[in-house]
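*Asks:* When we follow the working numbering, the leftmost residue of the sequence shown carries the number 45, and every step to the right adds one. For each residue, glycine too, the CB sits at the ideal point set by N, CA and C.
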Amino acid sequence: MTNTKNPHLIETRVTLHKWLSLSTGIVLLFFCFLNFVLLYQNAIALVDGVFGVLNLYFFYKANQGRMKRWHNNMLILSLASAVLYAFYFADIRAGAVYWLLVLPPLFCLLLGAKRGLFCTILLSFPAIWMLFIKSDTQEFIPYRSVLNFVLAYFLAYMVCYFYENQYTTRDKALQKMAFQDPLTGAKNRHALELFFEYFNKQAIDPFKEKAQEPHLLIIDIDFFKSVNDEFGHDVGDSVLVEITELLHYYADKQQVYRIGGEEFLIVLQDYSSSEAFSFAERIRRNIENSVFLYHEQDIKITVSIGIAQLKKGQTFKEFFKVADKNLYSAKNKGRNLVHHEMLTIAEQL
């Protein structure tokens with residue numbers, strides 16, 4: 045599956061796809077048997093059988109963690125095609141039309157609100173046409189059938205849409221609480237741990253030209269305790285917020301983390317060691333030249349920055365042994381400077 049902005053929603057849709065493909069595969073094979081053996085409707089049985097086997101294949105791939113986007117799209121297409129085919133060729137009294145009411149919620153859950161609505165509207169045209177021509181022609185029966193179907197059909201989508209919207213809103217709020225620092229708006233330490241997990245799970249492409257391994261900058265505000273002692277914690281909090289805004293100006297917001305009281309971390313992707321050093325030095329100079337005002341009194345802030353290169357397979361704790369050594373080297377040399385030294389894990393243990 046391709047990436048979206050909500051990883052939890054991706055996981056939910058992948059799980060739904062997996063179990064829906066299994067259940068619909070079994071149901072379609074059941075109708076294949078029923079239509080072939082008992083009802084002698086061989087054409088419908090063939091369609092059900094082909095799509096049933098295809099859906100079980102999608103379940104097999106999803107269960108192995110090898111689901112593709114086209115699997116999801118083809119699952120939707122197979123369900124819609126099987127239902128429409130059965131509805132068109134079978135007697136209306138057989139009740140195939142009832143399965144059409146299940147499809148709008150599935151469109152919404154599997155494809156999202158916009159694509160789901162598009163598919164719901166698209167499917168409604170052949171469904172309404174078939175219902176109209178297959179309904180009893182007496183008086184207004186066809187129109188009443190279509191009206192009732194349309195109302196129930198789109199109501200099914202709307203109920204699922206509102207549920208999905210509420211779920212997404214609530215999930216975003218929970219993610220913000222779990223992965224974002226409430227004071228500064230930067231990502232927190234827990235989010236950084238997830239970044240490490242994701243980085244180490246990424247497969248290495250042997251045919252791709254080797255990219256630079258990420259460099260991580262640990263930024264520590266010098267003598268921050270004296271700011272809190274002299275001006276109070278409210279002022280200290282304001283300084284932290286302004287520092288975060290400055291870091292967000294120079295780096296992607298998704299790559300800035302607050303990992304301690306006055307410690308921040310920036311992830312630099314595809315930077316060489318010299319480029320990472322230059323980037324860190326530019327941040328250090330800009331913070332040094334910035335003025336933080338409090339009741340018309342200037343507050344000068346400096347930072348010490350340690351740089352370490354993230355290696356594949358390196359754990360969260362192992363990395364911080366390297367990075368902390370570089371940070372404290374910067375502090376021991378007088379603070380307000382950047383330190384980067386190529387250190388191996390073995391040297392730290």
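Between E241 and G69, what straight-line distance do the alpha-carbon atoms span, to the nearest angstrom?
*Replies:* To locate residue 241, count along the sequence shown from 1; it is residue 197. To locate residue 69, count along the sequence shown from 1; it is residue 25. So the two alpha carbons sit approximately 35 Å from each other.
*Asks:* Taking DSSP as the reference, what is the three-state secondary structure of G350?
*Replies:* Sequence index remark: in the sequence shown, residue 350 carries index 306 (1-based). Here G350 sits in strand by DSSP.
*Asks:* Assess, as a yes-or-no matter, whether the segment 326-333 is touched by the segment 358-365 under the definition of 3 or more beta carbon pairs within less than 8 Å.
*Replies:* Contact fails: fewer than three Cβ-Cβ distances are below 8 Å.
*Asks:* For the pair the segment 143-150 and the segment 197-214, tell me if three or more CB-CB distances fall below 8 Å.
*Replies:* Judged by Cβ distances under 8 Å, the segment 143-150 makes contact with the segment 197-214, as three or more pairs qualify.
*Asks:* Whose C-alpha, out of F206, A134 and R379, is nearest the C-alpha of E332?
*Replies:* Within the sequence shown, residue 332 is the residue found at index 288, counting from 1. Considering only alpha carbons, the answer is R379.
*Asks:* Compare the beta carbon distance of S65 and N99 with 8 Å and say whether it is the shorter of the two.
*Replies:* Numbered from its first residue, the sequence shown carries residue 65 at position 21. Numbered from its first residue, the sequence shown carries residue 99 at position 55. Yes, the Cβ-Cβ distance between S65 and N99 is below 8 Å.
*Asks:* For V279 versus V271, is the C-beta distance shorter than 8 Å?
*Replies:* The sequence position of residue 279 within the sequence shown is 235, counting from 1. The sequence position of residue 271 within the sequence shown is 227, counting from 1. It is a contact, given that the beta carbons lie within the stated cut-off.
*Asks:* Express the C-alpha separation of L119 and T59 in angstroms, rounding to a whole number.
*Replies:* The sequence position of residue 59 within the sequence shown is 15, counting from 1. The sequence position of residue 119 within the sequence shown is 75, counting from 1. About 14 Å.
*Asks:* Output the boundary residues of the alpha helix (DSSP H) element that contains L90.
*Replies:* Here the question's residue 90 lines up with position 46 in the sequence shown. First-last of the alpha helix (DSSP H) with L90: N86 to N107.
*Asks:* Could you tell me whether the Cβ of G280 comes closer than 8 Å to any Cβ of chain C?
*Replies:* Judged by its chain identifiers, the structure shown contains no chain C, having just a single protein chain.
*Asks:* Grouping DSSP H, G and I as helix and E and B as strand, with all else coil, what is Y315?
*Replies:* Position 271 of the sequence shown, counted from the first residue, corresponds to residue 315. Y315 falls in the coil class under three-state DSSP.
*Asks:* Please tell me whether I88 and A130 are closer than 8 Å, where the distance is taken between their beta carbons.
*Replies:* Within the sequence shown, numbered from 1, the residue matching residue 88 stands at position 44. Within the sequence shown, numbered from 1, the residue matching residue 130 stands at position 86. Yes; because the gap between Cβ atoms is below 8 Å, this pair is in contact.
*Asks:* Per DSSP, what kind of secondary structure is D225 in: helix, strand or coil?
*Replies:* As a position in the sequence shown, residue 225 is number 181, starting the count at 1. Three-state DSSP puts D225 in coil, outside helix and strand.
*Asks:* Enumerated in chain order, which unbroken segments of the beta strand (DSSP E) with a length of 3 residues or greater are wholly contained in the segment 284-313?
*Replies:* Correct list: 300-302 and 307-312.
*Asks:* Within 10 Å of its beta-carbon, does E391 have 16 or more other beta-carbons around it, so buried, or fewer, so exposed?
*Replies:* Locating residue 391 in the sequence shown gives position 347, where the first residue counts as 1. No answer about E391 holds up, because its pLDDT of 35 lies below 50 and its placement is not dependable.
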